[in-house]
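Only one structure is covered here, and it is reproduced in the block below.
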Amino acid sequence: MNPSIPPSTAEYGGDEVSAIVLDPGFSTTRAGFAGEDTPKSLIPTYYGRYSSDGQSKLVFGDDIFVTPRPGLSIHNPMGRDGIVEDWDMAEKVWEYAFTSRLTGPKPGNPLQNGLNDVPEGELSTEMEGVETEEKLLADSPLLMSEPGWNPTKSREKTIELAMEKWGTPAFYLARNGVLSAFAAGKASALVIDIGASNISVTPVHDGMILKRGVQHSPLGGDYISSQIRALFKSNAPQPITITPHYLISSKTAVDAGQPPQAKYKTFAPDRAPDASYRTLLEERTLSEFKECVVQVWPGPNKLSATGPNGVSNEELAKSSPGRPFEFPDGYNQVFGVDRYKVVESLFDAKAAIPDPESAFPAPTPAQTVPELIKNALNGVDVDIRPHLLANVVVTGASSLLYGFTDRLNQELMQMFPGPRVRISAPGNTAERKFGSWIGGSILASLGTFHQMWISKKEFDEHGPNIVEKRCK
Amino acid sequence: MPPFRDEHILIIAPGSQVTLAQLGLPESFTPARFRFPTRMFPAEKKGEYEPYKIRERRQEVPVSNGNGTDAPKEDVEMKDAESAQQDGAVKTENEPSEQPENAQKTEGQDANGEEKQGTTTEIFYEEDVTSDEGAVYPIQSGRIVDWPCFFALLTHVYNTMSPPFHTPIMLISEPAWSARDRETITQFVFEKFKTPAFCLMDSALAVCYGYGTSTATVVDVGKDKVNVTAVTDFLVNEHGRGIALEGCGGDYMTDRIVELLGPKGFTREMCEQLKRSNITELLPPGTPLPGAAATARQGANPAASASTGTKDGNAPNENIPRGPGEGTQTGGEGNGEADEDEGVLDVAAIVSGNTSEFLANREKEKAEKASTKKGATDQSGKPLRLPNSKKEKASFQFEEYVRIEPEKDTPNGPGRYMRQSREIEVGVERFLAATPKQNSGDRLTGGLLEDIATQIHHTILAVPDATKRSELWDSLIVVGNGSKIKGFTQSLLGTITQKYILSPSATMFTSEIPSNFSTPLPTGGTNTPAPSGQAGPMNHPAGHGVNPLLVAATHANNPMPGTPSMDPAMSHHRSTGHSQTPTSVKTLRPPEYFPEWKEQSNTNAPGAATTGGPGAPSGGHGMEEAVFLGAQVASKVVFVIDQGVSKGFMSRVEYNENGPSAIHEYTM
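Line by line, the protein sequences give chains W and R. The numbers in full-length UniProt numbering rise by one with no breaks, and the one at position 254 of the first sequence is 254. The numbers in full-length UniProt numbering rise by one with no breaks, and the one at position 296 of the second sequence is 296.
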């Protein structure tokens with residue numbers, strides 16, 4: 001090509017638009033374009049509220065972890081069971097998920113965004129009266145996920161929000177269990193989702209959830225955090241208190257088990273962040289603890305059981321080297337068998353560390369993972385049970401706990417010695433964390449999915465109840 | 001498609017303050033050849049922009065035989081000739097086309113109540129290169145806030161470069177740009193510039209290319225924001241990325257100095273220049289301030305220590321020029337003395353010639369002069385040379401442009417400016433630029449560095465691949481012109497060490513070492529364990545607070561005598577999961593095979609008088625704009641070597657087929 005010859009004037013004329021996939025969770029909200037492999041936008045569902053100059057202000061996104069603000073308090077629009085409680089705020093959080101990384105703030109007037117040549121004198125007068133403000137998602141179809149137990153009212157509210165507030169041209173609401181199964185490349189599966197506020201077991205058959213089999217319980221990541229807190233309280237030689245980084249100006253190295261020597265920061269009482277802010281940041285340290293220290297007893301059998309050669313599993317666990325952890329204030333300690341105990345109650349309700357102050361009541365046996373699976377399978381047709389057991393999909397960030405899938409495998413083999421049990425758990429962290437989002441990304445980019453969308457026109461004709469008919 | 005050639009590649013790196021651009025890749029990669037201020041001025045017609053402030057000037061012109069436009073032309077040329085003699089760098093032939101064409105005849109208008117007969121008022125438009133009055137900054141905190149203006153800037157840059165048609169474009173994108181923003185830019189570039197190939201590259205990734213590393217934590221300190229990005233295996237980790245962290249850039253430091261010195265009569269401009277001067281420095285945490293405040297620790301009570309610096313009061317608060325600073329006289333037109341001419345900036349000369357080159361030369365001359373002068377005074381005045389960080393007081397040159405009113409005999413000459421400079425002395429405030437602000441607004445900030453350190457911690461912790469985190473802590477890259485201030489990187493490392501570095505007993509060895517090793521003795525070597533938190537003057541803060549036993553065990557190949565059990569295999573003992581980070585924090589060394597970048601580091605190295613001091617910077621200087629070096633490396637790889645095989649850029653054909661949203665598939 002000769003550099004001095006101007007290129008041909010052929011220009012892109014199509015309007016390829018990719019759908020936006022929104023996967024709202026209790027702890028994080030994932031959003032991105034369909035067809036991509038990870039969500040571009042990952043924000044905490046938590047948001048901060050503080051007042052400055054007499055005005056109430058809101059903070060979204062990662063900033064709440066980084067910047068303490070005067071009187072900042074932390075809230076979550078979702079309820080513990082994964083159902084939206086505060087719709088106004090959920091809308092704002094989700095909008096932030098779109099606008100921060102995907103769409104940007106509301107699109108500007110096309111006449112002034114510099115992309116279009118406006119000939120002199122044309123268009124300028126007659127366009128002035130026209131409504132120019134576009135809605136947030138006016139040109140992107142939206143696929144959203146929901147938990148399997150989402151009530152009708154909440155589903156209708158969701159489609160109203162998407163259609164009326166965001167102006168999306170097409171919408172679909174999919175169960176996150178189904179999406180996780182799709183992400184694993186399966187149309188039928190038993191999906192075990194270990195989230196922050198919930199664990200759920202969802203039987204999926206031919207891309208539909210079997211509603212009677214859906215089970216969920218609150219023993220998620222936050223429950224494990226509460227168990228770790230209980231452990232810290234009863235720690236010997238002294239109880240451990242977590243002081244988040246924002247309250248510390250510098251720390252000094254101390255030996256293991258020695259009291260911390262750190263310089264603390266103080267805030268004036270009228271400017272100090274709220275207690276909920278501290279809890280949020282303590283949770284950050286706890287998740288680091290979960291990543292580095294906590295381990296699931298891999299089995300076989302429970303931690304409290306005795307192994308085949310007469311040595312109790314707990315003794316066995318004790319003999320494995322402990323894991324050190326340093327807290328933000330410099331306190332550090334090695335955690336031995338305790339690191340197994342904090343998660344044991346996910347499988348064995350009796351093993352829970354008692355803590356009367358915890359927000360979580362002591363777990364019942366029916367809430368543990370093995371029981372949930374048993375109940376889920378009991379709720380579905382006998383014929384498809386073996387098929388489901390051969391396609392167990394593990395997803396959710398808390399399932400990344402070290403040794404979790406090993407233990408799950410052991411438990412399943414014990415409960416169902418007959419049929420073939422096969423667990424599919426992606427080793428890739430992102431795939432495990434964003435399972436349901438990735439499934440949504442796949443689904444929304446399929447050509448055959450196009451007929452499934454609920455269009456704006458259909459919504460206008462049938463009202464919000466159409467979501468019950470179309471998104472099953 | 002024929003291959004792209006080095007000399008055709010156009011690279012543009014927009015920033016909030018400066019947009020870097022270059023056409024063609026040189027043999028050895030150089031700092032950006034063009035630096036455009038990222039601002040435009042609204043033109044007379046709404047929606048259009050001009051690169052410089054256009055001033056309107058009316059003047060009376062005697063009407064002589066109806067040929068009104070010729071008269072000013074002559075005048076301007078005469079003016080030019082005169083200034084050409086002074087500066088010797090003026091191209092007169094550009095001049096006439098520039099002004100009289102714009103002139104409008106407005107006959108019969110009476111401006112000054114002078115005689116109507118025989119004169120008309122001419123309106124001249126002249127470009128005022130030094131003014132930023134009414135400027136529109138299209139990028140703020142990394143975000144594009146004014147699209148028409150941003151596009152006008154891109155067009156201006158493109159036109160200035162005037163590349164041939166077969167020019168691939170590499171545009172460095174800010175992390176704050178949303179996916180839709182990138183699509184909009186892609187559409188604009190393809191449809192306006194008709195480029196055959198376009199690559200939109202993330203700035204953090206470009207820095208990694210510049211440093212030749214695949215994994216790094218890039219801290220980009222801009223004007224009023226900071227971006228912190230963890231890059232692993234050439235992939236940008238979008239989750240947990242610190243995007244446009246507000247109130248953390250270079251402006252923070254200026255604001256802080258204004259806060260400290262404002263009551264003493266310093267203007268913001270003075271504080272800005274003080275910040276840029278070589279006497280302003282960030283001392284590592286825990287370093288005592290020089291002079292009377294020797295006991296006061298940095299950050300302990302900044303307000304108190306700040307007040308100790310300038311007790312005698314006469315120095316900074318009066319705007320009296322100290323000493324016979326050069327250019328303090330308003331040099332008359334014909335004086336011809338070299339010293340005085342220096343202060344006068346001939347706008348016409350700049351406008352007609354190559355602006356940046358001209359200014360650069362000028363700066364250079366000045367700098368040379370200043371340094372020789374300064375050296376002289378330093379030697380005569382202070383026989384004992386202390387490093388800057390030990391001096392209680394120091395002075396810097398404050399320079400400002402003053403517009404000279406047109407003189408009576410040449411009323412139609414282009415605007416002239418005079419550079420005035422004077423010495424201003426400041427106390428220890430100059431070390432407190434990063435200390436917590438008193439008025440921090442909505443943020444409960446612990447100071448600039450602490451906020452950045454918090455963000456780094458958050459970002460690295462959010463990297464899903466936990467095994468990479470340790471490497472990320474050990475490969476910190478601090479870039480951006482906000483980090484130019486002396487000691488910035490060292491202080492940042494010190495802050496991280498203070499707050500986040502794990503004590504050795506919390507790392508992997510505690511559990512395995514027999515109890516008699518839990519408090520190891522110093523090995524008598526170089527690494528005497530100092531109490532942590534004292535980052536001190538040493539160049540490797542990573543060496544601090546880390547148990548020598550641990551260092552030896554992890555870094556040396558041979559096990560230490562007497563500890564036979566500690567072979568490196570021990571570190572793999574914990575096959576489960578991973579351990580906590582960071583156990584150490586280090587900065588990456590910039591590449592050494594780009595001489596032009598090294599050279600720049602020399603000119604940028606602050607004050608020769610202070611080198612060798614404990615706070616002396618250790619590398620990193622000159623690499624603030626490493627993003628541009630990386631952009632050149634990447635352009636070479638993407639456009640020339642790879643030729644699009646691995647989808648490094650989007651070609652025009654692909655654009656025509658798939659539209660702007662396909663840009664996301666080109667993973668740069």
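Cβ coordinates follow ideal geometry from the N, Cα and C atoms, glycine included.
Any idea what DSSP makes of His-166 (chain R), helix, strand or coil? The answer is coil: DSSP assigns His-166 (chain R) none of H, G, I, E or B.
For a test of your reading of the model: does the CB of Thr-121 (chain R) fall under 7 Å from any non-hydrogen atom of the ligand ADP? Yes or no. Inclusion of the ligand ADP in the displayed structure is not the case, the ligand content being empty and no account of it being possible.
Under the three-state DSSP convention, the category Leu-502 (chain R) falls into: Coil, per DSSP.
To the nearest angstrom, how far is it from the Cα of Gly-447 (chain W) to the Cα of Lys-211 (chain W)? The straight-line gap from Cα to Cα measures roughly 27 Å.
Own chain residues within Cβ distance below 8 Å of Gly-231 (chain W), not counting five before or after: Rather than Gly, the amino acid found at residue 231 (chain W) in this sequence is Leu. Excluding sequence neighbours, Leu-231 (chain W) sits near Asp-338, Lys-341, Val-342 and Ile-353.
I need the DSSP call for Val-254 (chain W), collapsed to helix, strand or coil. Note: Val-254 (chain W) maps to coil in three-state DSSP.
In three-state DSSP terms, what is Phe-124 (chain R)? For Phe-124 (chain R), the secondary structure class from DSSP, reduced to helix, strand or coil, is strand.
Can you give the Cα-Cα distance for Phe-434 (chain W) and His-450 (chain W), rounded to whole angstroms? Between Phe-434 (chain W) and His-450 (chain W), the C-alpha separation is close to 23 Å.
Mind pulling the alpha helix (DSSP H) runs of 4 or more residues that sit fully within the segment 304 to 386 of chain W? Those alpha helix (DSSP H) runs which fall completely within the segment 304 to 386 of chain W and span 4+ residues are 313 to 319, 338 to 344 and 369 to 378.
Cβ of Ser-565 (chain R) less than 8 Å from any chain W Cβ? Because the pLDDT at Ser-565 (chain R) is just 34, under 50, the model does not fix this residue reliably, and the point stays unresolved.
Proximal residues to Ala-359 (chain W) (C-beta, below 8 Å), its chain only, five neighbours per side dropped: Correct list, in chain order: Ser-226.
Roughly how many whole angstroms lie between the Cα atoms of Asp-86 (chain W) and Met-650 (chain R)? So the alpha carbons of these two residues sit roughly 43 Å apart.
Which residue wins for smallest C-alpha separation from Lys-40 (chain W), given the options R:Glu-238, R:Glu-183, R:Val-157 and R:Ile-11? Looking at the Cα atoms, R:Glu-238 is the closest of the given residues.
Using the beta-carbon of each residue, which ones in chain W are nearer than 7 Å to Ala-466 (chain R)? Chain W residues near Ala-466 (chain R): Glu-291.
Shorter than 8 Å from the beta carbon of Leu-286 (chain W) to some beta carbon of chain R? Taking Cβ atoms only, chain R never reaches closer than 8 Å to Leu-286 (chain W), which makes this a no.
Going by DSSP, what residues sit across from Ser-172 (chain R) in a beta bridge? The question names Ser, yet the displayed sequence has Ile at residue 172 (chain R). Its beta-bridge partners are R:Met-201.
Which runs of the beta strand (DSSP E) fall wholly inside the segment 216 to 287 of chain W and span at least 3 residues, in chain order? Taking 3 residues as the shortest admissible run, the segment 216 to 287 of chain W contains the following complete beta strand (DSSP E) segments, listed from N- to C-terminal end: 248 to 252 and 261 to 264.
With distances taken from CA atoms, which of R:Ser-162, R:Leu-588, R:Thr-467 and R:Gly-480 is nearest Asp-474 (chain R)? Out of R:Ser-162, R:Leu-588, R:Thr-467 and R:Gly-480, R:Leu-588 has the C-alpha closest to the C-alpha of Asp-474 (chain R).
Can you tell me whether DSSP reads Lys-472 (chain W) as helix, strand or coil? The three-state secondary structure of Lys-472 (chain W), taken from DSSP, is coil.
Here's the rule I'm using: 16 or more other beta-carbon atoms within 10 Å means buried, otherwise exposed. How should Asp-88 (chain W) be labelled? So Asp-88 (chain W) counts as exposed.
Would the segment 355 to 374 of chain W and the segment 276 to 295 of chain W be scored as touching if the rule is three or more Cβ pairs under 8 Å? In short, these stretches do not touch, since the Cβ pair count stays below three.
For chain R, check one thing: does any of its Cβ atoms lie closer than 8 Å to the Cβ of Asn-332 (chain W)? It does: the Cβ of Asn-332 (chain W) has a partner Cβ on chain R nearer than 8 Å.
Tell me the rounded alpha-carbon separation between Leu-408 (chain W) and Asn-332 (chain W). Going from the Cα of Leu-408 (chain W) to the Cα of Asn-332 (chain W) covers about 31 Å.
Around the Cβ of Ala-348 (chain R), are there at least 16 other Cβ atoms within 10 angstroms (buried) or fewer (exposed)? For Ala-348 (chain R), the pLDDT reaches just 46, beneath the cut-off of 50, and the residue's location in the model is therefore unreliable, although a value from the coordinates is still provided. It is buried - the Cβ of Ala-348 (chain R) has at least 16 other Cβ atoms within 10 Å.
Report the neighbours of Pro-37 (chain R) on chain W: residues whose CB is nearer than 8 Å to its CB, in chain order. Within chain W, not a single residue places a beta-carbon under 8 Å from that of Pro-37 (chain R); the smallest gap is close to 20 Å.
For a contact meaning CB atoms closer than 9 Å, what does Gly-446 (chain R) contact in chain W? What Gly-446 (chain R) touches in chain W: Pro-68, Tyr-246, Ser-249 and Lys-265.
Below 8 Å CB to CB, which residues in the same chain sit around Leu-502 (chain R) once its five sequence neighbours on both sides are set aside? Short of 8 Å from the beta carbon of Leu-502 (chain R), and not among the five residues preceding or following it, lie these beta carbons of its own chain, in chain order: Gln-580, Thr-581, Pro-582 and Thr-583.
Label Glu-315 (chain W) either buried or exposed according to how many other C-beta atoms from any shown protein chain fall within 10 Å of its C-beta, with 16 as the threshold for buried. With fewer than 16 other Cβ atoms within 10 Å, it is exposed.
Report yes or no: do the segment 203 to 220 of chain R and the segment 232 to 247 of chain R share at least 3 C-beta pairs separated by less than 8 Å? With contact defined as three or more Cβ pairs closer than 8 Å, the segment 203 to 220 of chain R and the segment 232 to 247 of chain R are in contact.
Members of the segment 122 to 142 of chain R near chain W, C-beta cut-off 7 Å: Considering only beta carbons, no part of the segment 122 to 142 of chain R lies closer than 7 Å to chain W.
Could you check the C-alpha separation between Met-623 (chain R) and Cys-248 (chain R) for me, to the nearest Å? Distance between the alpha carbons of Met-623 (chain R) and Cys-248 (chain R): 20 Å.
Pro-51 (chain R), DSSP secondary structure in three states: Secondary structure of Pro-51 (chain R) (DSSP, three-state): coil.
Chain R partners of Thr-429 (chain W), CB-CB under 9 Å? The CB of Thr-429 (chain W) comes closer than 9 Å to the CB of Pro-464, Asp-465 and Ala-466 in chain R, given here in chain order.
Buried or exposed by the 16-neighbour rule on C-beta atoms within 10 Å, applied to Glu-665 (chain R): It is exposed - the Cβ of Glu-665 (chain R) has fewer than 16 other Cβ atoms within 10 Å.
Compute the Euclidean distance between the alpha carbons of Leu-142 (chain W) and Pro-2 (chain R), then round it to the nearest angstrom. Rounded to whole angstroms, the separation of the alpha carbons of Pro-2 (chain R) and Leu-142 (chain W) is 41 Å.
Against chain R: residues of the UniProt region "Disordered" (305 to 324) of chain W by CB proximity under 9 Å: The UniProt region "Disordered" (305 to 324) of chain W vs chain R, Cβ under 9 Å: Ser-320, Pro-321, Gly-322, Arg-323 and Pro-324.
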